[in-house]
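K.L.:
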Amino acid sequence: MSAVVDTGTPAAAPVASPGVTRVLLADPRGFCAGVEMAIKALAWLVELVEPPVYCYHEIVHNRAVVEVFERAGVVFVDDIAEVPAGAAVVLSAHGSAPEVVAEATARASVVVNAVCPLVAKVHHEVKVRAGHGYQIVYVGHSGHDEAIGTMAVAPDAVHLVEHPADVAALDEPGVPVALLSQTTLGMGEWADVRAAVLDRFGDVWTPGRGDLCFATTNRQGALRALADRVDAVIVIGSQSSSNTNALERLARECGVARIVRIETADDLPADLTGVVGVTAGASVPEQLVDDVLNVLDPADGVEAVRVTDEDEYFPLPAGLRSRLPADVLAADRHTSASDALARLASRVAATP
Ligand code: SF4
């Protein structure tokens, strides 16, 4: 039976689903260490320098997060040439092409590269393998910010594939082949393409633990752990979020009867019934999850389904650390991105 996927047709206002008896809440869900770092980096910079601060691409793929920063005066651009000379600019968590970093460095007074270290690791793998003469099969999603930035590290050596069928269309490389990937793929889609690449090219170089990040695999593991106990799954996250899309695909692979994809509680349908699973992509603030739980208000309560603890902390980017006072740097480890967003929002609210 194919799953029903709601595309999130908004209700007029959040409405309760009186038929929901219980919620199984995936854990981990929501903000990962890379997203935490990137949001806090932008928030600290907004407090540090004269406005406006510019940000190249959405800092993370979540509309609610971006809107908090927009209200605080951050200007988001998709072309680094739109950043005025001498301005301060943050580069998004998804990673930027080397020429974007170079152009930002040439025109801005302050450049904070908030690329997630796990994406930066893949950039490094591309650079090293291309330098050693490999042709690189890169599994990723065409047009996604992370894939664009990673492929730009060695455009002549990288070949994007999305599906197993794409592998057959690749030219004979005539040189050693490396297999790398976007960090936020579904484990299933990665495994399928990997099998096709191994089948075609045999001996390929690939990093020992692959490129899928811990946050992506943990969130998928938590969803898998609850999938066979629910009547429906709610997946919270923006349409542009790759790891959220992977959660939706996984729910379908697991045979969940109804999959409801939403960005906020406003998108919830009113006809949910029975036991409902809830998960959220890595760029979703916990506040949006709380809003959903408040609307669902299940008669038999909420049960967390935890598969692991996440306590990773990614330090702020070097370009910012050198500018922050020591007490702020020390506080960063104990400050959550949600706290930083709330502080920014209340500062905006207090501004006449
Ligand atoms: S999802 Fe993974 S790669 Fe992306 S920001 Fe989070 S930790 Fe980094």
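Anchor point for the sequence shown: position 218 equals 220 in our numbering, and the numbering is continuous, going up by one each time.
By construction, the Cβ of each residue, glycine as well, lies at the ideal position given by its N, Cα and C atoms.
Kindly indicate if chain D contains any beta-carbon less than 8 Å away from that of E314.
P.N.:
Note that chain D does not occur in the displayed structure, where there is just one protein chain.
K.L.:
Output the boundary residues of the beta strand (DSSP E) element that contains R2.
P.N.:
The chain is shown from 3 up to 354; residue 2 falls before or after that span and cannot be answered.
K.L.:
Quick one: is V258 buried, meaning 16 or more other Cβ sit within 10 Å of its Cβ, or exposed?
P.N.:
buried
K.L.:
For A217, which residues from the same chain have a beta carbon less than 6 Å from its beta carbon, with the 5 sequence-adjacent residues on both sides left out?
P.N.:
The residues C34, A284, in chain order, have a CB closer than 6 Å to that of A217 in the same chain once the five nearest residues on each side in sequence are set aside.
K.L.:
DSSP state of T185, grouped into three classes?
P.N.:
DSSP places T185 in coil when its eight states are reduced to three.
K.L.:
So is the beta-carbon of L200 under 7 Å away from any non-hydrogen atom of the ligand SF4?
P.N.:
no
K.L.:
Run through the segment 124 to 201 for me and flag every whole beta strand (DSSP E) of 3 or more residues, listed as ranges in chain order.
P.N.:
137 to 141, 160 to 163, 179 to 183
K.L.:
Using only CA atoms, which one of S111, P100, I236 lies nearest to V128?
P.N.:
P100
K.L.:
Determine contact between the segment 86 to 98 and the segment 18 to 31, defined as no fewer than three beta-carbon pairs at a distance below 8 Å.
P.N.:
no
K.L.:
Report, in whole angstroms, the separation of the C-beta atoms of V37 and V62, which I expect to be a contact under 8 Å.
P.N.:
Contact holds; Cβ gap of about 5 Å.
K.L.:
State the Cα-Cα distance for the pair A132 and A156, rounded to the nearest angstrom.
P.N.:
7 Å
K.L.:
Who are the near neighbours of V160 in its chain, counting only those whose CB is closer than 7 Å to its CB and skipping five residues on each side?
P.N.:
Annotation for V160: V128, I138, Y140, M153 place their beta carbon closer than 7 Å to its own, counting only its chain and skipping 5 residues before and after.
K.L.:
Is it right to say R231 is buried, meaning 16 or more other beta carbons lie within 10 angstroms of its own, or is it exposed?
P.N.:
Exposed, since its Cβ has fewer than 16 Cβ neighbours within 10 Å.
K.L.:
Specify, as a first and last residue, the run of the alpha helix (DSSP H) that D29 falls within.
P.N.:
The continuous stretches of alpha helix (DSSP H) do not include D29, which lies in the beta strand (DSSP E) extending over residues 21 to 29.
K.L.:
Taking V121 and E148 to be in contact with their CB atoms under 8 Å, please state how far apart those CB atoms are, rounded to whole angstroms.
P.N.:
6 Å
K.L.:
Within the same chain, show all residues whose beta-carbon is closer than 7 Å to that of I264, passing over the 5 residues directly before and after it, in chain order.
P.N.:
G10, I236, I238, L270
K.L.:
Closer than 6 Å is what we want: which residues have a beta carbon that near any heavy atom of the ligand SF4? List them in chain order.
P.N.:
Selection output, chain order preserved: C34, A35, G36, V37, A95, C118, L120, V121, T185, T186, C215, A217, T218, N245, A284.
K.L.:
What span of residues does the beta strand (DSSP E) with E69 cover, start to end?
P.N.:
No beta strand (DSSP E) contains E69, which is instead part of the alpha helix (DSSP H) from 65 to 73.
K.L.:
According to DSSP, simplified to helix, strand and coil, what is A267?
P.N.:
It is helical.
K.L.:
Is it true that the CB of K42 sits closer than 8 Å to the CB of L318?
P.N.:
yes
K.L.:
Hey, would you say C57 sits closer than 8 Å to V91, going by beta carbons?
P.N.:
Yes, these two residues count as a Cβ contact at 8 Å.
K.L.:
Considering only the alpha carbon of each residue, which of R260, D293, P287 lies closest to V278?
P.N.:
R260
K.L.:
According to DSSP, what are the bridge partners of E305?
P.N.:
L26
K.L.:
Taking S19 as the reference, which of P166, T275, V117 has the closest Cα?
P.N.:
T275
K.L.:
Would you kindly work out how many angstroms separate the C-alpha atoms of Q184 and V124, rounded to a whole number?
P.N.:
8 Å
K.L.:
Start and end of the alpha helix (DSSP H) containing L93?
P.N.:
From DSSP, L93 is part of no alpha helix (DSSP H) but of the beta strand (DSSP E) over 90 to 93.
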